[in-house]
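A.B. asks: Right, I'll just put the structure down here and ask away after.
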Amino acid sequence: MDTPLIKLKPQNSASLYAQLRAELRAQILDGSYPPLSQMPSENELCNRFQVSRITVRQALGDLQKEGLIFKIHGKGTFVAKPKAFQNVSRLQGFAEAMSSMGYEILNKLQSFRFVPATSHVAARLQIPEGRIVTEIKRVRLLNREPVSLEVTYVPEEIGKQLQKADLITRDIFIILENDCGIALGHADLSIDAVLADEDLNSALGIEEGSPILRIERLTHDAKGQPIDFEYLYFRGDAFQYRLRVDRQANPPATPTAHAETTHDQ
0 MDTPLIKLKP
10 QNSASLYAQL
20 RAELRAQILD
30 GSYPPLSQMP
40 SENELCNRFQ
50 VSRITVRQAL
60 GDLQKEGLIF
70 KIHGKGTFVA
80 KPKAFQNVSR
90 LQGFAEAMSS
100 MGYEILNKLQ
110 SFRFVPATSH
120 VAARLQIPEG
130 RIVTEIKRVR
140 LLNREPVSLE
150 VTYVPEEIGK
160 QLQKADLITR
170 DIFIILENDC
180 GIALGHADLS
190 IDAVLADEDL
200 NSALGIEEGS
210 PILRIERLTH
220 DAKGQPIDFE
230 YLYFRGDAFQ
240 YRLRVDRQAN
250 PPATPTAHAE
260 TTHDQ
């Protein structure tokens, strides 16, 4: 079937490459080009839209920066799979957040051990170095595909309770609250990027040296006591964390509104 020609409008206030970018973006988002499908070649796009190769390359370059497409040398340009994301504006476990968005979450328990706390783990949990802690390693599967490796450290007494729990289908946060009766308060997070080593390569099915999103998360109970320290390693091609940052946490009320409120009281 012949691909219809689409004429862009040179007189439009938007540049030709911006029009082309918008057209291709719309076709990707509406499923005309499904995830992992191959995009038309630069030459095909030039002929279809009656534009120059420079215009096509500019449009494709922007779409690649947006994460909508990716290029494989010698093979062409392909549509990227949509990334799953978790909003970090509230404290939630991975399964808790993803299940509410319609994803199927399973865990593959790699190991459950009682080990001496390293200096870093001990400092985070505010316990003496060398004290026994529980180390739990789980691969998180999103729609049956490995997305992250989670390495959790909790005090030994909490670990003994987790040892009896269902770590295959449940979030540790849910177990701590419902099974252990621990009210969670807040978590401190730090985020950086690392390259996958042999262990991550094996756990997540990626090539060694692939980009990994690493998160350190220290969760406190409602009294402010640290109880759960984790390393979360996410595949860079499959997941992202999102957060909202406001300019002012509590914008001041207008003088008029304040006066009316005072008068009503």
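Numbering (numbering that gives the first Met the number 0), first residue to last: 0 to 264.
C-beta: ideal position from N, C-alpha, C; glycine also.
None of these values were measured; they are calculated from a predicted model.
1. Assuming residue 219 is part of the beta strand (DSSP E), what are its boundary residues?
2. Please list the terminal residues of the continuous alpha helix (DSSP H) segment that includes residue 24.
3. What does the Cβ neighbour count give for residue 52, buried or exposed, with the cut at 16 atoms within 10 Å?
4. Counting pairs of beta carbons, one from the segment 218 to 234 and one from the segment 176 to 190, are three or more of them closer than 8 Å?
5. Just verifying my parser: in three-state terms, what is the DSSP assignment at residue 255?
6. Is the distance from the Cβ of residue 212 to the Cβ of residue 149 below 9 Å?
7. Name the DSSP bridge partner or partners of residue 133?
8. Identify, in the order they occur along the chain, each residue of the same chain with its Cβ nearer than 6 Å to the Cβ of residue 111, setting aside the five sequence neighbours on each side.
9. Consult DSSP for residue 235 and reduce its assignment to one of helix, strand or coil.
10. Applying the criterion that 16 or more other CB atoms from any shown protein chain within 10 Å of the CB defines a buried residue, is residue 226 buried or exposed?
11. For residue 158, is the classification buried or exposed, using 16 other Cβ atoms within 10 angstroms of its Cβ as the cut-off for buried?
12. How many Å lie between residue 113 and residue 133 at the Cα?
13. Is there contact between the segment 195 to 203 and the segment 168 to 182, where contact requires at least three CB pairs shorter than 8 Å?
14. To the nearest angstrom, report how far apart residue 39 and residue 66 are at their CA atoms.
15. Could you name the residues of the same chain whose beta carbon sits closer than 7 Å to that of residue 44, not counting the 5 residues immediately before and after it, in chain order?
16. Taking the CB atoms as reference points, tell me whether residue 115 and residue 104 lie closer together than 9 Å.
17. With respect to the alpha helix (DSSP H) encompassing residue 55, which residues constitute its N-terminal and C-terminal limits?
18. Find out if the Cβ-Cβ distance for the pair residue 146, residue 237 is shorter than 9 Å.
19. Which residues does DSSP pair with residue 75 in a beta bridge?
20. DSSP three-state call for residue 180: helix, strand or coil?
21. Quick check on DSSP: helix, strand or coil for residue 190?
22. Are residue 109 and residue 137 touching if we call contact CB-CB under 9 Å?
23. Under 9 Å, do residue 215 and residue 229 count as touching if we go by C-beta distance?
C.D. replies: On the basis of the supplied data:
1. For this step, residue 219 is matched to residue 220 along the sequence shown. Looking at the DSSP string, the run of the beta strand (DSSP E) that includes residue 219 is 210 to 220.
2. Counting from one through the sequence shown, the residue named residue 24 turns up at place 25. Residue 24 -> alpha helix (DSSP H) spans 15 to 28.
3. Within the sequence shown, the letter at position 53 stands for residue 52. It counts as exposed.
4. yes
5. Taking the first residue of the sequence shown as position 1, residue 255 is located at position 256. Confidence is the limiting factor: at residue 255 the pLDDT is only 44, short of 50, which leaves the residue's position unreliable and the question unanswerable from this model.
6. Locating residue 212 in the sequence shown gives position 213, counting from the first residue. Locating residue 149 in the sequence shown gives position 150, counting from the first residue. No; because the gap between Cβ atoms is not below 9 Å, this pair is not in contact.
7. Locating residue 133 in the sequence shown gives position 134, where the first residue counts as 1. Note: residue 133 sits in a beta bridge opposite 113, 153.
8. Taking the first residue of the sequence shown as 1, we reach residue 111 at position 112. Closer than 6 Å at the Cβ level, and outside the excluded window around residue 111, lie 135.
9. Numbered from its first residue, the sequence shown carries residue 235 at position 236. In the structure shown, residue 235 sits in coil (DSSP, three-state: anything other than H, G, I, E or B).
10. One-based indexing of the sequence shown puts residue 226 at position 227. Buried: at least 16 other Cβ atoms inside 10 Å.
11. Here residue 158 is taken as the residue at index 159 of the sequence shown, counted from 1. Classification for residue 158: buried.
12. For this step, residue 113 is matched to residue 114 along the sequence shown. For this step, residue 133 is matched to residue 134 along the sequence shown. The straight-line gap from Cα to Cα measures roughly 5 Å.
13. no
14. In the sequence shown, residue 39 corresponds to position 40, counting from 1. In the sequence shown, residue 66 corresponds to position 67, counting from 1. For residue 39 and residue 66, the distance between alpha carbons rounds to 17 Å.
15. Translated into positions along the sequence shown, residue 44 becomes position 45. Cβ neighbours of residue 44 beyond the five flanking positions: 55.
16. Against the sequence shown, residue 115 aligns to sequence position 116. Against the sequence shown, residue 104 aligns to sequence position 105. Result no, Cβ atoms of residue 115 and residue 104 do not sit closer than 9 Å.
17. Taking the first residue of the sequence shown as 1, we reach residue 55 at position 56. Unbroken alpha helix (DSSP H) run through residue 55: 52 to 64.
18. Looking up residue 146 in the sequence shown gives position 147. Looking up residue 237 in the sequence shown gives position 238. Yes. Within cutoff.
19. As a first step, residue 75 is located in the sequence shown; it is residue number 76 there, counting from the start. Paired residues: 71.
20. Locating residue 180 in the sequence shown gives position 181, counting from the first residue. Note: residue 180 maps to coil in three-state DSSP.
21. Here residue 190 refers to the residue found at position 191 of the sequence shown. The answer is strand: DSSP assigns residue 190 an E or B state.
22. Numbered from its first residue, the sequence shown carries residue 109 at position 110. Numbered from its first residue, the sequence shown carries residue 137 at position 138. Yes.
23. What you label residue 215 is simply residue 216 of the sequence shown in a count that begins at 1. What you label residue 229 is simply residue 230 of the sequence shown in a count that begins at 1. Yes. Within cutoff.
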